[in-house]
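**Q**
Number of protein chains: 4
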Amino acid sequence: MPRLKEDQLHKIYEERKQQITSAAVKIFAQRGLPGTKISMITAEAGVSHGLFYHYFKTKEELFTSLVREAIEASMQEMDNLSQLTGSPIEKIKILTQGMLDESGAPYFMLLHRARNFEEVPEEVSQLIQKYPVDVYVKRLLPLFEEGQQRGEVTDGDLEELIASYLTILSGVMVLGKGYVTPQVDTLLRFVEKR
Amino acid sequence: MPRLKEDQLHKIYEERKQQITSAAVKIFAQRGLPGTKISMITAEAGVSHGLFYHYFKTKEELFTSLVREAIEASMQEMDNLSQLTGSPIEKIKILTQGMLDESGAPYFMLLHRARNFEEVPEEVSQLIQKYPVDVYVKRLLPLFEEGQQRGEVTDGDLEELIASYLTILSGVMVLGKGYVTPQVDTLLRFVEKR
Amino acid sequence: MPRLKEDQLHKIYEERKQQITSAAVKIFAQRGLPGTKISMITAEAGVSHGLFYHYFKTKEELFTSLVREAIEASMQEMDNLSQLTGSPIEKIKILTQGMLDESGAPYFMLLHRARNFEEVPEEVSQLIQKYPVDVYVKRLLPLFEEGQQRGEVTDGDLEELIASYLTILSGVMVLGKGYVTPQVDTLLRFVEKR
Amino acid sequence: MPRLKEDQLHKIYEERKQQITSAAVKIFAQRGLPGTKISMITAEAGVSHGLFYHYFKTKEELFTSLVREAIEASMQEMDNLSQLTGSPIEKIKILTQGMLDESGAPYFMLLHRARNFEEVPEEVSQLIQKYPVDVYVKRLLPLFEEGQQRGEVTDGDLEELIASYLTILSGVMVLGKGYVTPQVDTLLRFVEKR
DNA sequence: AATGAATGAGAATTCATTCAT
DNA sequence: TATGAATGAATTCTCATTCAT
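Chains Z, E, P and S supply the protein sequences, listed in that same order. Residue numbering for the first sequence follows the numbering used here, beginning at 1 and increasing consecutively. Residue numbering for the second sequence follows the numbering used here, beginning at 1001 and increasing consecutively. Residue numbering for the third sequence follows the numbering used here, beginning at 2001 and increasing consecutively. Residue numbering for the fourth sequence follows the numbering used here, beginning at 3001 and increasing consecutively.
See below:
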């Protein structure tokens, strides 16, 4: 019985935490660290502001942990690509779609904010430095190399191509509302051999 | 006598105002409205915080006026293109370079922030709504049409092409440090007929 | 369970609000709107300045709500007179005593300040305009008419008499310390038929 | 020649000083010490705010000197009464008229403010303590005594009568706009024997 | 776990006062 | 004498965080 109750409590705990986290991702992505008030997060999550501090120590701590998750998720995504079946260019297409996908956007936005703007907590700076864009480039290199060998990917310096392509994708992703999001096929023109 | 003195005062007034404005553009672009503290602006400008209020009513008012200026400047820039000599694709190249240019970036960044992020003053929202990306597209349409006729610009729906290209350029511009800025020629691949 | 707790919270809320309000009335009456610093109010109330903003939006908002209350209370007081038993002149005596009474003074002082001095918030100006002295005169007219009919109140234009009497009472009330407050009977000489 | 110039300068000096002083009396009377901004005074006087400090050391100093002047003027006025010809009650009428007179009001208002409200400079407190209402009562005593002897003034304790009358007059005077100023004859009913 | 009262550090803003011209 | 640019102390106000219930 105590067991059950404990489990239940734990379940509530996790649910609430997730509820607040989701709200936080959304607002942080939209408004950045200094533009986000705790009250905005808790209002979005539908809980009292006091509750925030049952689950997180500070605003910065939450932001930091979200950035960490975002980095991990994005690294994961890169790695997942190689597991997929299909030609390199098909995989690149999937990557492109994935990055532009609504659901992933907030996390990328978070990374973007962490990378460029705002005053961020020291730990975030360190994370960002530890995972520069270059790391992503390196992970994608084999995929693009294969594509080049198969004649699917345009000729030229691959590292620069990948880096530029990531920049473009990130940029498009970051802009969001107010801009016209290009079609995936349109974006692929950058890398495809014609 | 009063003439001379008046002029001098006026000059000082304008200089100081410019000094503060320049500092503000820089910081606002870097940190956004809520991330920018008055103290950051005045420190950057090398004046006392009191002086800020001699020249501007509030932080918001300054931000608003900067957004207004940015809009005007960017519209101006579009228009200037047609004055230039050269083929359409050359003009598009100049536009591309201009947008990626360091010096213009802060202004574009400001616009970006106003367009997407942050809580902005009511007047800024209105300005932004009054000048959607669409307005820029319309201004560039004749240039791209000519390019298409000459066979310099890729086939297809021009409005969508321009809008997408602007999105990409804006995105690249917005990212800034931490990302690899693609070469102008790389970006042009997007519009050039091959 | 939630019931009890909610009630308790509500009680605390009201108590604290009253605590701050009382302190504010006192200080505002003494020093006026610009002469009153938030720190004076919170010190008098024995709370932190942060708490002030938990209960009120701004200093002006509090001032405005106090003026509103003062107007309502004073109108109420006029109306209560008619409920009392006694001859008109006795009622006028009670009114006189009530106005000079220490406890009511701060509220009247507030009204006075709102009516005459200081820069007041727009809403206060409107309230004051909506409730000119004339409104009080009208409310008291029946009482004084009856008094005149009974031969208790001096002959002559009643509206002017009442208005003048209110001016005198208000004036005396407003002066406070530093002046000799006349006896109630002395003041009544002004309206009594002799 | 230097003489002439010096004189001229001196004249300008005095004129400007007077100009600022007059503006200050008006605004101080209207808004009190904390409610009066230097900029209000200089705007009213039509000079730059910098000029204020050519003529006065601080806002407080000006306020203090105005209070001093007001005290002196009011004492003077009391004394002048005895110089006049006429019966005591006529002189009291003149006193009453003088106090209610528009032109004198700002000075009295200043005194009132100094006496009751606001935080005032130490020196003002001292002046006020040195010249309590009692001093005025004493000065007027001979006049009222004569009036009582002649049967013009009501019976009873004269000191209390005078003090009360001064309170009433001051109060009426202080109220100003928003209230009906009683007629002089109406006010005299307080002191006249009937 | 949940709430909201309470606090105080820090940011925005005002305004008296100084000073170069 | 006259102006307005410049400063900084004092004030208002915001918001992250703590804590009693």
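Ideal placement from N, C-alpha and C gives every residue a C-beta, glycine not left out. Note that this is a predicted model, so its numbers are computed, not measured.
Are the Cβ atoms of A1024/E and L1062/E separated by less than 8 Å?
**A** Yes, the Cβ-Cβ distance between A1024/E and L1062/E is below 8 Å.
**Q** Are there three or more Cβ pairs, one per stretch, closer than 8 Å when the segment 3031-3038 of chain S is compared with the segment 2035-2045 of chain P?
**A** The segment 3031-3038 of chain S vs the segment 2035-2045 of chain P: in contact.
**Q** So what does DSSP say about V1153/E, is it helix, strand or coil?
**A** Strand, per DSSP.
**Q** Quick check: K2017/P and Y2053/P, are their CB atoms within less than 8 Å of each other?
**A** In this structure, Y2053/P does not lie closer than 8 Å to K2017/P by Cβ.
**Q** Tell me which residue opens and which closes the alpha helix (DSSP H) that F3056/S is part of.
**A** Run containing F3056/S: none; DSSP gives neither H nor E here.
**Q** DSSP three-state call for E1118/E: helix, strand or coil?
**A** The answer is coil: DSSP assigns E1118/E none of H, G, I, E or B.
**Q** Buried or exposed for L3111/S, please, with buried defined as at least 16 other CB atoms from any protein chain shown within 10 angstroms of its CB.
**A** Buried is the call here.
**Q** Name the chain P residues that come within less than 9 Å of I3094/S, Cβ to Cβ?
**A** Those do not exist, as I3094/S stays about 20 Å from chain P at its closest Cβ, beyond 9 Å.
**Q** With DSSP as the reference, please indicate the residues paired to E146/Z in a beta bridge.
**A** Answer by DSSP bridge pairing: none, since E146/Z is not bridged.
**Q** Do we get a CB-CB distance below 8 Å when we pair R1115/E with the residues of chain Z?
**A** Yes, contact with chain Z.
**Q** List the residues of chain E whose Cβ lies closer than 7 Å to the Cβ of V184/Z, in chain order.
**A** Neighbours of V184/Z on chain E: none; closest Cβ ~11 Å, over 7 Å.
**Q** Run down chain E in chain order and give the residues with a C-beta less than 7 Å from the C-beta of K177/Z.
**A** Residues of chain E passing the Cβ test: N1116.
**Q** If distances are taken between C-alpha atoms only, which option among K193/Z, R194/Z and D185/Z comes closest to K93/Z?
**A** Of K193/Z, R194/Z and D185/Z, the residue nearest in Cα terms is D185/Z.
**Q** Any beta carbon from chain S within less than 8 Å of P2106/P's own beta carbon?
**A** No, no contact with chain S.
**Q** Return helix, strand or coil for E3192/S, following the three-state DSSP convention.
**A** The answer is strand: DSSP assigns E3192/S an E or B state.
**Q** Whole-angstrom Cβ separation of V2133/P and E2192/P, contact assumed at under 8 Å?
**A** Wrong, their Cβ atoms sit about 22 Å apart, outside the cutoff.
**Q** Do you know offhand how far G1104/E's Cα is from G1098/E's?
**A** Their backbone Cα atoms lie some 7 Å apart in a straight line.
**Q** Rounded to a whole number of angstroms, what is the C-alpha to C-alpha distance between L1188/E and Q19/Z?
**A** Approximately 44 Å between the Cα atoms of the pair.
**Q** If we count the other Cβ atoms within 10 Å of its Cβ and call it buried at 16 or more, is T3042/S buried or exposed?
**A** Buried, by the Cβ-count rule.
**Q** Compile a chain-ordered list of the residues in the segment 3075-3104 of chain S whose CB is closer than 7 Å to at least one CB of chain P.
**A** Listed by position along the chain: nothing, the set is empty.
**Q** Which residues of chain S have a Cβ atom closer than 7 Å to the Cβ of I2168/P, listed in chain order?
**A** Near I2168/P (Cβ distances below 7 Å), the residues of chain S are I3168, G3171, V3172 and P3182.
**Q** So A2045/P and M2109/P are in contact, right, with Cβ under 8 Å, and what is the actual spacing, rounded?
**A** In fact, because the Cβ distance is near 18 Å, the residues do not count as touching under 8 Å.
**Q** Can you tell me whether L1158/E is helix, strand or coil according to DSSP?
**A** Looking at L1158/E - three-state DSSP - the assignment turns out to be helix.
**Q** Taking all protein chains shown into account, do 16 or more other C-beta atoms lie within 10 angstroms of the C-beta of A163/Z, making it buried, or fewer, making it exposed?
**A** By the 10 Å Cβ count, A163/Z comes out buried.
**Q** With 8 Å as the threshold, decide whether the Cβ of Y3190/S is near any Cβ in chain P.
**A** For clarity, residue 3190/S is Phe in the given sequence; the question names Tyr instead. Cβ-Cβ to chain P under 8 Å: yes for F3190/S.
**Q** Specify whether the segment 171-178 of chain Z and the segment 1160-1175 of chain E touch according to this definition: at least 3 beta carbon pairs, one from each stretch, less than 8 Å apart.
**A** The segment 171-178 of chain Z vs the segment 1160-1175 of chain E: in contact.
**Q** For V2133/P and chain S, any beta-carbon pair shorter than 8 Å?
**A** It does: the Cβ of V2133/P has a partner Cβ on chain S nearer than 8 Å.
**Q** Once the 5 residues before and after E3146/S are set aside, which same chain residues still bring their CB inside 7 Å of it?
**A** Result list for E3146/S: P3088, in chain order.
**Q** Select from the segment 32-56 of chain Z all residues with a C-beta closer than 7 Å to any C-beta belonging to chain E, and list them in chain order.
**A** Taking 7 Å as the Cβ-Cβ cut-off against chain E, the residues of the segment 32-56 of chain Z that qualify are G32, P34 and G35.
**Q** Quick one: using the 10 Å Cβ neighbour count with 16 as the cut-off for buried, is I71/Z buried or exposed?
**A** By the 10 Å Cβ count, I71/Z comes out buried.
**Q** Could you check how far apart the C-beta atoms of L1084/E and K1091/E are, in whole angstroms? I think they sit under 8 Å.
**A** Right, their Cβ atoms sit about 6 Å apart.
**Q** Give me the chain P residues within the contact set of E3119/S, using Cβ-Cβ distance strictly less than 9 Å, ordered along the chain.
**A** What E3119/S touches in chain P: R2031 and G2035.
**Q** Anyone know if the C-beta pair for V3137/S and L3166/S falls short of 8 Å?
**A** Yes, they are a contact pair.
**Q** For Q148/Z versus D155/Z, is the C-beta spacing smaller than 8 Å?
**A** Yes; because the gap between Cβ atoms is below 8 Å, this pair is in contact.
**Q** Given that a residue counts as buried once 16 or more other Cβ atoms are within 10 Å of its Cβ, and exposed if not, what is S3074/S?
**A** So S3074/S ends up on the buried side.
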